[in-house]
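These notes concern the structure reproduced below.
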């Protein structure tokens, strides 16, 4: 095999590796984007639940374990 042929084979191998790496990076990017959307949705849901819990605590008349008045 001549030096030119070896160099050509190495370049071909590098191009193949680059193609696979590009595909892997794109797949990882899509995965991260999907996870970020899910994290964002869960964060908003937690904030909503926190607000609802605070509202429920404010509207509660008193402590749940308060003694009845006849004690």
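Numbering (full-length UniProt numbering), first residue to last: 1 to 71.
Heads up, the beta-carbon is just placed ideally off N, CA and C, and yes, glycines get one too.
Residue i (DSSP reduced to helix, strand or coil)
i	result
residue 67	coil
residue 2	coil
residue 60	coil
C-alpha distance - residue i paired with residue j, whole-angstrom precision
i	j	result
residue 7	residue 26	28 Å
residue 49	residue 60	16 Å
residue 31	residue 21	15 Å
residue 11	residue 23	18 Å
residue 14	residue 54	58 Å
residue 39	residue 51	18 Å
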